[in-house]
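In the numbering used here, the protein residues as written are 1 to 177.
Quick reminder that beta carbons are idealized off the backbone N, C-alpha and C, glycines included.
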Amino acid sequence: MKIKRTVLYILVILACFILQTTVFQTLAIGSIVPNLLLIATISFGFMRGKITGIWTGFLCGILKDLFYGNLLGFYALVYLCIGYGAGCCTKIFYDEEIRVPMFLVAVGDLIYGLAVYGFQFLMRGRIEIFFYLRRIIIPEAIYTVLITVVLYKLLFILNKKLTELEMKERDSFWLRK
1 MKIKRTVLYI LVILACFILQ TTVFQTLAIG SIVPNLLLIA TISFGFMRGK ITGIWTGFLC
61 GILKDLFYGN LLGFYALVYL CIGYGAGCCT KIFYDEEIRV PMFLVAVGDL IYGLAVYGFQ
121 FLMRGRIEIF FYLRRIIIPE AIYTVLITVV LYKLLFILNK KLTELEMKER DSFWLRK
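Listed below in structure tokens is the structure:
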């Protein structure tokens with residue numbers, strides 16, 4: 001069952017990547033697109049823990065690095081850290097609650113935006129942080145949080161179904177013996 005869960009998570013990550021780079025590009029508001037990979041990373045980390053958050057973040061980041069990154073591993077490291085942070089909250093809060101993932105996505109998107117600004121713009125001498133905050137980071141965070149309401153519910157239902165299947169499979173294993 002663990003293999004099924006892993007394959008399904010990879011398919012979800014690929015679906016988020018494809019949606020983010022195709023469908024949501026046409027739904028961009030002022031060239032701002034919601035970060036679906038960040039939502040997936042935080043959702044899986046929050047629902048399943050640190051290890052899942054780390055691996056999901058790494059896979060999302062590597063995918064973004066391969067297609068859009070200038071430096072291989074930059075996005076992987078950023079997403080990995082955000083996934084770990086979301087995974088730290090898994091035992092503290094109930095995963096049915098939508099407000100906590102929305103808050104985590106908002107904070108994660110701000111961290112993501114500041115990391116991208118710091119390493120890709122500030123290092124090149126572009127010091128207009130307030131312009132970048134006002135025009136890119138905050139609007140993207142708001143758009144991503146709004147999409148989180150729908151996407152997190154879908155991911156939560158998927159996770160719940162997988163957990164139920166795992167429990168059923170485990171119980172049937174013990175009943176056969």
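Just grab the DSSP bridge partners of I98 for me.
The count along the sequence shown starts at 1 and reaches residue 98 at position 98. None, per the DSSP bridge assignment.
Quick one: what's I29 bridged to in DSSP?
Looking up residue 29 in the sequence shown gives position 29. Paired residue(s): I32.
From I10, I18, G30 and T6, pick the residue whose C-alpha is nearest to that of R135; which is it?
For the purposes of this step, residue 135 is taken as the residue at position 135 of the sequence shown. Nearest C-alpha to R135: G30.
Out of E97, L122 and K168, which one is the CA nearest neighbour of F46?
On the sequence shown, residue 46 is found 46 positions in, with the first residue counted as 1. For the residues E97, L122 and K168, the minimum Cα distance to F46 belongs to E97.
Neighbourhood of I129 by C-beta distance below 8 Å, restricted to the same chain and skipping five residues each side
The count along the sequence shown starts at 1 and reaches residue 129 at position 129. Answer for I129: Y117 and L122, listed in chain order.
Select from A86, F24 and V100 the residue whose C-alpha is nearest the C-alpha of R48.
Along the sequence shown, one-based indexing puts residue 48 at 48. Checking every option, the nearest Cα to that of R48 belongs to A86.
Go through its chain and collect everything with a Cβ distance to V100's Cβ below 6 Å, but skip five positions before and after it.
Here the question's residue 100 lines up with position 100 in the sequence shown. Once the five neighbours on either side are set aside, the close Cβ partners of V100 are F93.
Give me the Cβ distance between L80 and G108, rounded to the nearest whole Å; I'm assuming they're in contact under 8 Å.
The sequence position of residue 80 within the sequence shown is 80, counting from 1. The sequence position of residue 108 within the sequence shown is 108, counting from 1. About 12 Å separates the two Cβ atoms, so there is no contact after all.
Which residue from I42, E140 and T22 puts its Cα closest to that of Y84?
The count along the sequence shown starts at 1 and reaches residue 84 at position 84. Closest option to Y84, Cα to Cα, is I42.
Rounded to whole angstroms, what is the Cα-Cα separation between I62 and V12?
Walking along the sequence shown from the start, residue 62 turns up at place 62. Walking along the sequence shown from the start, residue 12 turns up at place 12. Their backbone Cα atoms lie some 15 Å apart in a straight line.
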